[in-house]
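Peer 1:
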Amino acid sequence: MSLQDVQDRIAKAEAAAGRAPGSVRLVAVSKVQPAERVEAVLKAGHRLFGENRVQEAQDRWPPFREQFDGIELVLIGPLQTNKVKPAVELFDGIHSVDRPKLARKLADLAQERGACPELMIQVNTGAEPQKAGILPDEADAFIAEVRSMDLPLTGLMCIPPVEETPSLHFALLAKIAEQNGLAELSMGMSGDFEQAIAFGATQVRVGSAVFGERAYD
Ligand SMILES: *Cc1c(COP(=O)(O)O)cnc(C)c1O
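Per my numbering, the sequence shown runs over residues 8 to 224.
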């Protein structure tokens, strides 16, 4: 477990970018990690976690929430329309809003429940066909549409293409957010979170650097 190490690196990157200490939040991405590793990070006092699948998060987090106060959970993976209801019940934030149909469903549930998780729109900055997210060209219109539904939209999220320099993608996301007056930027993972901080990330999503490599079986 390298929570402290990642926190130190975030603090250094904030300072190097001339940003206020504590201006970047660490989302510890716990998907697929064994429960002992997650528990160790909880015991070390960390409370903000990211998961990419609704089902997996539903199995894991309710027991931890009984054991530890103040847990905040965000969804960072694609959300199917038929999973929206359990998702809004479980998560405090959803970073992967990427299409009008999903936004409408979230708006209906927000009406019904009188509450909604904080939302971010995922932008497919590399326009990769296999990747979720709204295309950069369509982002302004989609942001306006989500706002017109009275949803609590706070920012934008991206996952840069593996083969490309992430900085260009971080810069593009920051530009779209600025144009639209959105304060939150969810960008940067284990391999590039320091660069993301230099480009204005307010939340970095770090998995393996905190917990160790994921073992898929
Ligand atoms: C898995 C995942 C991460 C964390 O990846 P690491 O490389 O382990 O830090 C971040 N964001 C999303 C959307 C992910 O699915």
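Note that the Cβ used here is the ideal one computed from N, Cα and C, for glycine as well.
Using the three-state DSSP reduction, which class does glutamine 14 fall into: helix, strand or coil?
Peer 2: If DSSP states are grouped into helix, strand and coil, glutamine 14 belongs with the helices.
Peer 1: Going by DSSP, what residue range makes up the beta strand (DSSP E) through histidine 102?
Peer 2: 100-104 is the span of the beta strand (DSSP E), which, as asked, contains histidine 102.
Peer 1: I want to know whether the region 33-40 touches the region 169-176 - three or more CB-CB distances under 8 Å.
Peer 2: No, because fewer than three Cβ pairs between the region 33-40 and the region 169-176 fall closer than 8 Å, the two stretches do not touch.
Peer 1: For ligand 1, which residues count as neighbours when the test is a C-beta closer than 5 Å to any heavy atom?
Peer 2: For ligand 1, the selected residues are Val36, Asn59, Ile83, Met196, Ser197, Arg212, Val213, Gly214, Ser215.
Peer 1: Let me confirm a value: glycine 57 is counted as buried when at least 16 other C-beta atoms fall within 10 Å, else exposed. Which label applies?
Peer 2: It counts as buried.
Peer 1: Checking the sheet assignment: what are the DSSP bridge partners for alanine 51?
Peer 2: DSSP output for alanine 51 lists no bridge partner at all.
Peer 1: Considering only their Cβ atoms, is the gap separating glycine 162 from leucine 113 smaller than 9 Å?
Peer 2: No, the pair does not count as a contact, with Cβ atoms beyond the cut-off.
Peer 1: For glycine 12, which of Val153, Ala110, Ala51 has the nearest alpha-carbon?
Peer 2: The sequence as given places aspartate at residue 12; glycine does not occur at that position. With distances taken between Cα atoms, aspartate 12 lies closest to Ala51.
Peer 1: Can you give the Cα-Cα distance for lysine 90 and valine 61, rounded to whole angstroms?
Peer 2: Cα to Cα, the separation comes out at about 7 Å.
Peer 1: Any idea what DSSP makes of phenylalanine 200, helix, strand or coil?
Peer 2: In the structure shown, phenylalanine 200 sits in a helix (DSSP, three-state: H, G or I).
Peer 1: Taking 9 Å as the cut-off, decide whether the C-beta atoms of leucine 180 and methionine 156 are in contact.
Peer 2: Not closer than 9 Å, so no.
Peer 1: Among Pro107, Glu170, Leu160, which one has its Cα closest to the Cα of leucine 142?
Peer 2: Of the listed residues, the one whose Cα sits closest to leucine 142 is Pro107.
Peer 1: Flag this pair as yes or no: are the beta carbons of histidine 102 and glutamine 202 separated by less than 9 Å?
Peer 2: Not closer than 9 Å, so no.
Peer 1: Across which residues does DSSP place leucine 33 in a beta bridge pair?
Peer 2: In DSSP, leucine 33 forms a bridge with Val211.
Peer 1: What first and last residue would you give for the alpha helix (DSSP H) that runs through glutamate 119?
Peer 2: Element bounds for glutamate 119: 107-120.
Peer 1: Output yes or no for whether 9 Å exceeds the beta carbon distance between serine 30 and alanine 216.
Peer 2: It is not a contact, given that the beta carbons lie outside the stated cut-off.
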